[in-house]
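S.K.: Residue numbers for the sequence shown follow the numbering used here, beginning at 438 and rising by one.
Ideal placement from N, C-alpha and C gives every residue a C-beta, glycine not left out.
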Amino acid sequence: MSSQPGRANVTLASRALWRIRLGQELPRYLLCAAATAGLAASARYAIAPPTLHPQVAEAREIAPPDQASAAYAVLFARRYLSWNAVEPQASARALEPFLGPDMEPGAGLQLPATGEQRVEWAEVTQVREPVRGEHVYTVAAQTDTAGLLYLTVPVTRTGEGGVALAGYPAFVGAPSSAPAQLAGSLREVTEPTLATVVQRALRNYLAASSSELAADLAANARVSLPAWPLTVESMQHLDWAPHGSSVLATVQAEDARGVRYTLAYELDVLRAQGRWEVAAVQTDPDA
């Protein structure tokens, strides 16, 4: 009995072409999708980073200015820095309303045998809030003998809402400052008609000539004229502001006494019916 060798069975099956292509391209599609999702997540984080839970990081609210506390600090500084050695009791009496049982008489101020000092002016130049409800004011005080002094005065609010000293004062240095930072690389106004309108408007504005100024004002313009009239001698610079809706004019002006000033004004300008008009000059009188 003879045996026949085994034959391999071959099965032919038909498959749709789109299934074959999908099977070949699917890994690439998945890789591209993962990369796109990663880029989208990175972009979202950059544009709108997640906010920490309030219990982890809570933004500190900025308290509104406390004008009563600031005035209290200035009044204390004036009385503390004003004294006459021949009348030490007067200085002590002036400081009594500020002091409590835990503070030294005269807030620890001990006068010399001779001399006196007066405060010519004083104002708050800086404020910080070390704890909620307490403000430390830096008061600049110009004195007639020691010159310009800077005094920090801590002020707090009492449970009844009043103001009170929160500690002794301290002499400090001036707040940090730097030389003037003038705007640079501004685009010069090259249109003669606009330059003419601006110069004429400033001349009438500084001269407090409301009737003449009205000819160059827009219909809804609100302008408050200066109380001390000046005469515009020349306009040194006229440039467009960075945002492009106003111009910056630097002029030389002189008052009736012959004092000359270099002044800079920002004027909102607009074009209406083919002519330039001024909508505002430097300030908003209604703000």
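1) Would you list, in sequence order, the uninterrupted alpha helix (DSSP H) runs of no fewer than 4 residues that lie entirely inside the region 607 to 655?
2) Over what stretch of residues does the alpha helix (DSSP H) that includes Tyr509 continue unbroken?
3) Keeping to the same chain, check which residues put their C-beta closer than 6 Å to that of Thr687; ignore five residues upstream and five downstream.
4) For Leu589 versus Gly570, is the C-beta distance shorter than 8 Å?
5) Grab me the residues of Ala603's own chain with a C-beta within less than 7 Å of its C-beta, minus the 5 sequence neighbours each way, in chain order.
6) I'd like to check one pair, Trp713 with Thr630: are the Cβ atoms closer than 8 Å?
7) Can Trp713 be considered in contact with the ligand FMN, in the sense that its beta carbon sits closer than 7 Å to one or more heavy atoms?
8) What are the residues that DSSP puts in a beta bridge with Glu571?
9) What three-state label does DSSP hand Glu533 in the structure shown?
10) Report the rounded CA-to-CA distance for Glu597 versus Asp539, giving the unit in angstroms.
11) Whole angstroms are fine: how far does the CA of Gly599 sit from the CA of Arg637?
12) Ignore the nearest five residues each way along the sequence and tell me which others in Ala671's own chain have a CB closer than 6 Å to its CB.
13) In terms of residues, what are the limits of the beta strand (DSSP E) holding Asp676?
14) Give me, in chain order, the residues of the same chain whose beta-carbon lies closer than 6 Å to that of Ala724; leave out the 5 immediate sequence neighbours on both sides.
M.R.: Short version:
1) Counting whole runs of 4 or more residues, the region 607 to 655 contains the alpha helix (DSSP H) stretches 629 to 643 and 647 to 650.
2) Gln504 to Leu518
3) Gln673, His674 and Ala701
4) The question names Leu, but residue 589 in the sequence shown is Thr. No.
5) Result list for Ala603: Glu571, Pro591, Val592 and Thr593, in chain order.
6) yes
7) No copy of the ligand FMN occurs in the structure displayed, which carries no ligand at all.
8) Val568 and Thr593
9) helix
10) 19 Å
11) Approximately 52 Å between the Cα atoms of the pair.
12) Position check: residue 671 holds Ser in this sequence, whereas Ala was assumed. Hits under 6 Å: Gln689.
13) For Asp676, the enclosing beta strand (DSSP E) has its first and last residue at Thr668 to Trp677.
14) none
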